[in-house]
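The sequence shown begins at 1 in the working numbering and counts up one residue at a time.
Don't be surprised by glycine CBs; every beta carbon is placed ideally from N, CA and C.
Scroll down for the structure; my scribbles are underneath it.
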Amino acid sequence: MLLAVLLTAFVTVAAACGVNPQPTGYGDQYEENFMLGCTGVDPETGESPDGYEPLASESQCTCVYEGLEEKVPFEEAEQFEEAQAEAESGDDIEVPENIAEIFSDCEDA
Numbered sequence: 001m002l003l004a005v006l007l008t009a010f011v012t013v014a015a016a017c018g019v020n021p022q023p024t025g026y027g028d029q030y031e032e033n034f035m036l037g038c039t040g041v042d043p044e045t046g047e048s049p050d051g052y053e054p055l056a057s058e059s060q061c062t063c064v065y066e067g068l069e070e071k072v073p074f075e076e077a078e079q080f081e082e083a084q085a086e087a088e089s090g091d092d093i094e095v096p097e098n099i100a101e102i103f104s105d106c107e108d109a
C-alpha cells in the first residue's frame, strides 16, 4: 500500500512541476509537492484538496523524502518521477532498488 501511495507522490511532483519552474534539486517547493502527493494533505491548509484523500502518514512521507534527499541523487529521482508520469494506467513501474529500499525502510515510520 505504501508503495502505491509513494508512486502517486512522485506523479504529483511531476505534475506540479509542469506549472512551476522545474526544480533543479531537492528544496522547499519539491518537498511541498512531494508531501502533498504522498499525504494527500495541503501543508498550508492542513486539508485535503478536492480530489485527494488522506493517503500515507506524514511521518512515512517525511521519512521517504529525507531518505531520497540523503541517498538518491536528484537527477535519479527526477528520472523516476518522469517515467511514472509517462506510464500508462496499469503499467508496472520499475522502482529503482535504492528508492525501493527507502520505501521499505519507511513502511513502519
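Nearest-angstrom Cα separation, counted from residue j out to residue i
i: E44; j: L36; result: 10 Å
i: Y26; j: P96; result: 18 Å
i: A109; j: Q60; result: 5 Å
i: E78; j: G46; result: 26 Å
i: L68; j: E75; result: 11 Å
i: P73; j: A87; result: 22 Å
i: E107; j: L55; result: 13 Å
i: D92; j: A83; result: 11 Å
Own chain, CB closer than 8 Å to residue i, minus 5 neighbours either side, in chain order
i: E32; result: P43
Cutoff 7 Å; reference residue i; Cβ partners in own chain excluding five residues on either side
i: K71; result: N98, I102
i: P49; result: D42
i: E58; result: T39
i: E53; result: G40
Buried versus exposed call for residue i [16 or more other C-beta atoms within 10 Å across all chains shown]
i: G90; result: exposed
i: E81; result: buried
ask   = Is it a yes or a no for the region 60 to 79 touching the region 91 to 107, going by three-plus beta-carbon pairs under 8 Å?
value = yes
ask   = Taking the runs of the alpha helix (DSSP H) that are 4 residues or longer, which of them lie wholly in the region 34 to 82?
value = 58 to 71
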